[in-house]
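Take a look at the structure set out below.
Structure below.
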């Protein structure tokens, strides 16, 4: 079920109310109820894929348990291999099987060989990239003796399947979540209020900004043969805000929803558009994934405690694989590769203070360039867009008839988000209507926000972009 | 654990918030509603005119082809009857069927002309979204609109209970046409420029369908809407004519299009004549009569209207 659907609007309050009522029976039944609600939430899409989550949960729970029981290094390695094989096996089959097969066929044909190409009709289970990474981190942490396995299977299953963050993160760590599942949760007005406020702002970002900007982006990137450079520049800038507001909005709704159940999820975005370097950008964007790759790929590769060439290699490889994680398409690999190159170049240039608006602007432009590859349907389209921007600025496409207003509403939403983030970035709690000492001001602010969502939002229940990953 | 104090505070503040939302929603929604129905020009002003005021003898329906190709003044001069062009850009049969339904509840035109496009019967998600243009009119036309709007969204009546949702995204329209009023030619929106020839850059331009994708699967709701448009016009006592606008570049497979053939056959079944100008030699390849590959300019429209009126008189449809 989508966060921006009527189904969720009904599901959430009922689940929250029952959750706190069941809480009177104790922590155990409450956690069991969260697990049940999470499976209902996921099964709403396709109940058959619940089997994957359950299988992954059982495997990692017992791998974690036996990792603790044995000191035999070889046996421990085999246990870890089992967990990684199962999780990456799911990911490899459902997400990458056709991609690798196609790429192999194309490469073989390119070198003059003849091979009969075939693909399987595989449906990508929603959220598979997220829950497999989350559950893998549990066994890796136990293997590296950074975490003790839990004995509470229900708490572990609820950690893997917790519905607010099941399908698109934040990719949580067991060390943060399992203690929350195994301790008593208390209904706190402050948490509930904060959760609702976060959700409201998340919905604003998604429904008012992302989905509106997406209309223009789709019109341009969906018809690449017909557009000119200026339109691609505008569409890519809109896409920057679309993908940000879509994913950051989703994350806020997830974090806010979790708060309604008394859980604290990690922050996933810290105003990335204000980054003054690409390295800083990646410390502000999709933080749960960046830190996952840092802890489970970059550091095991040697991290920064290696020679400089090896360090640069580690960074580049980490970004390349991060690109592939996003999608089974060469566009994502190139996207990851370019970002890797940016960071490599920043290291080669050396550390220097990067203050000032111009650095924010340059970083925005550099990151935006990579987004052409992120958004394009295939590599040919992406290069066509880059070439057209460089050679044929042409006219700016603003839509036909009534569609002319689409970019205006998108700009209005982007303007509001940018103003709010400027306040958060540079003025912290100053001028905050949402945290004003007078309750009437606070409530009016959020009532106006809800009105704005209803009045200028797009209500077509568009899927979140990161669900496809 | 659920402390009673926190629960009480939560419930009280929730109630305050909901009350405030309802007040803001009602006040701001009513204000936008007031501004909406005061629009003098633009898409919604034309819709409001048709739904609430129009009493013309001849009413023309259709997409941008209708808007750009039918000049009410020409019809009035040639027939002595009043005429209004109720065409709407980017809209297809669901919209025109709904608009006609609302018009017929209040007024029966003597003649109705429906300008059809060949692909109207094909599935189109966008078309369902675009009948949302009727949301602002839901309040006074609930019974007529509910069966149509609920095709896309079964919960629409609950959503439209909120004024903010009913007038969703209309503010820019209101502002735009208040600042830059359109000249009104009884619904007709002329295009001035002409194309230079086969090398005209507009032929390489962006297609009108940039926002509209169309599959080639027939949608039964669209077929029903089209057939009901015909049935309702005839039942009301209007004389109905279906017209196909001229094409700059006529493609041979145009006439074989599944959707197009279906529309012609339904019209024939109900005894409604179709006047098809798509392969008319006066217009095919006549670049100077077109402002873009899809639409004729004012000269083209005038020539077309003259020929159409002659044809209508000849066949006895128009007296």
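Residue numbers (this note's numbering), protein chains in the order written: chain A, 71 to 539; chain B, 2 to 320.
All C-beta atoms, glycine included, are put in the ideal place defined by N, C-alpha and C.
Quick caveat, the model's predicted, so the values are computed rather than measured.
Beta-carbon gap between residue i and residue j smaller than 8 Å
i, j, result
"residue 93 of chain A", "residue 3 of chain B", "yes"
"residue 195 of chain A", "residue 122 of chain A", "yes"
"residue 290 of chain B", "residue 198 of chain B", "no"
"residue 348 of chain A", "residue 291 of chain A", "no"
"residue 233 of chain A", "residue 108 of chain A", "yes"
"residue 511 of chain A", "residue 503 of chain A", "yes"
"residue 484 of chain A", "residue 304 of chain A", "no"
"residue 477 of chain A", "residue 469 of chain A", "yes"
"residue 153 of chain A", "residue 230 of chain A", "no"
"residue 118 of chain B", "residue 82 of chain B", "no"
"residue 218 of chain B", "residue 124 of chain B", "yes"
"residue 466 of chain A", "residue 300 of chain A", "yes"
"residue 315 of chain A", "residue 279 of chain A", "yes"
"residue 219 of chain A", "residue 134 of chain A", "yes"
"residue 298 of chain A", "residue 462 of chain A", "yes"
"residue 237 of chain A", "residue 197 of chain A", "yes"
"residue 491 of chain A", "residue 309 of chain A", "no"
"residue 1 of chain B", "residue 164 of chain B", "Only positions 2 to 320 of chain B appear in this structure, which leaves residue 1 of chain B out of reach."
"residue 326 of chain A", "residue 256 of chain A", "no"
"residue 362 of chain A", "residue 203 of chain A", "yes"
"residue 109 of chain B", "residue 238 of chain B", "yes"
"residue 205 of chain A", "residue 130 of chain A", "yes"
"residue 535 of chain A", "residue 313 of chain A", "yes"
"residue 404 of chain A", "residue 439 of chain A", "no"
"residue 161 of chain A", "residue 199 of chain A", "yes"
"residue 145 of chain A", "residue 213 of chain A", "no"
"residue 173 of chain B", "residue 475 of chain A", "yes"
Where the beta strand (DSSP E) through residue i begins and ends
i, result
"residue 112 of chain B", "112-117"
"residue 86 of chain B", "84-86"
"residue 276 of chain B", "275-277"
For residue i: DSSP bridge partner residues
i, result
"residue 63 of chain B", "B/116"
"residue 241 of chain B", "B/113"
"residue 97 of chain B", "Partner(s): none; residue 97 of chain B has no beta bridge."
"residue 297 of chain B", "B/291"
"residue 219 of chain B", "B/123"
"residue 189 of chain B", "B/186"
The alpha helix (DSSP H) enclosing residue i, as first and last residue numbers
i, result
"residue 292 of chain B", "Note, residue 292 of chain B: premise wrong, no alpha helix (DSSP H); beta strand (DSSP E) at 291-293."
"residue 467 of chain A", "Residue 467 of chain A -> no alpha helix (DSSP H), and no H or E assigned at all."
"residue 49 of chain B", "44-49"
"residue 324 of chain A", "299-330"
"residue 159 of chain A", "143-161"
"residue 337 of chain A", "Here residue 337 of chain A belongs to no alpha helix (DSSP H), and DSSP marks it neither H nor E."
"residue 409 of chain A", "400-419"
"residue 513 of chain A", "509-526"
"residue 438 of chain A", "427-445"
"residue 264 of chain B", "259-270"
"residue 94 of chain A", "That residue, residue 94 of chain A, is in no alpha helix (DSSP H); it is neither H nor E in DSSP."
"residue 354 of chain A", "348-354"
"residue 28 of chain B", "5-38"
Distance cut-off 7 Å: residue i Cβ against heavy atoms of the ligand ATP
i, result
"residue 7 of chain B", "The model on display carries no ligand, and the ligand ATP is accordingly not part of it."
Meets three-Cβ-pair contact criterion under 8 Å: the segment 274-290 of chain B and the segment 301-313 of chain B: Touching, yes.
Contiguous alpha helix (DSSP H) assignments of at least 4 residues, all confined to the segment 255-287 of chain A: With a minimum length of 4 residues, the unbroken runs of alpha helix (DSSP H) contained wholly in the segment 255-287 of chain A fall at 259-273.
Three CB pairs or more closer than 8 Å across the segment 57-73 of chain B and the segment 182-200 of chain B: Yes, since at least three Cβ pairs between the segment 57-73 of chain B and the segment 182-200 of chain B fall closer than 8 Å, the two stretches touch.
Touching by the beta-carbon criterion (3+ pairs, under 8 Å), the segment 251-266 of chain A and the segment 312-319 of chain A: The segment 251-266 of chain A vs the segment 312-319 of chain A: no contact.
Stretch pair the segment 396-414 of chain A + the segment 159-169 of chain A: three plus CB contacts closer than 8 Å: Segments in contact, yes.
Segments of 4+ residues assigned as alpha helix (DSSP H) that fall wholly inside the segment 187-257 of chain A: Qualifying alpha helix (DSSP H) stretches, in chain order: 198-213, 223-231, 233-236, 244-251.
At least 3 beta-carbon pairs within less than 8 Å: the segment 86-101 of chain B vs the segment 56-67 of chain B: Yes: at least three Cβ pairs fall under 8 Å.
Stretch pair the segment 268-279 of chain A + the segment 513-524 of chain A: three plus CB contacts closer than 8 Å: Under the 8 Å Cβ criterion, the segment 268-279 of chain A counts as touching the segment 513-524 of chain A, having at least three qualifying pairs.
Cβ contact (3+ pairs, closer than 8 Å) linking the segment 238-253 of chain B and the segment 270-279 of chain B: In short, these stretches touch, since the Cβ pair count reaches three.
Touching by the beta-carbon criterion (3+ pairs, under 8 Å), the segment 132-144 of chain B and the segment 249-264 of chain B: No, they do not touch.
The segment 98-114 of chain A touching the segment 74-89 of chain A, judged by at least three CB pairs closer than 8 Å: Result yes; three or more Cβ-Cβ pairs closer than 8 Å.
Any 3 or more C-beta pairs closer than 8 Å across the segment 98-111 of chain B and the segment 224-232 of chain B: Segments in contact, yes.
Any 3 or more C-beta pairs closer than 8 Å across the segment 380-389 of chain A and the segment 426-434 of chain A: The segment 380-389 of chain A is not in contact with the segment 426-434 of chain A.
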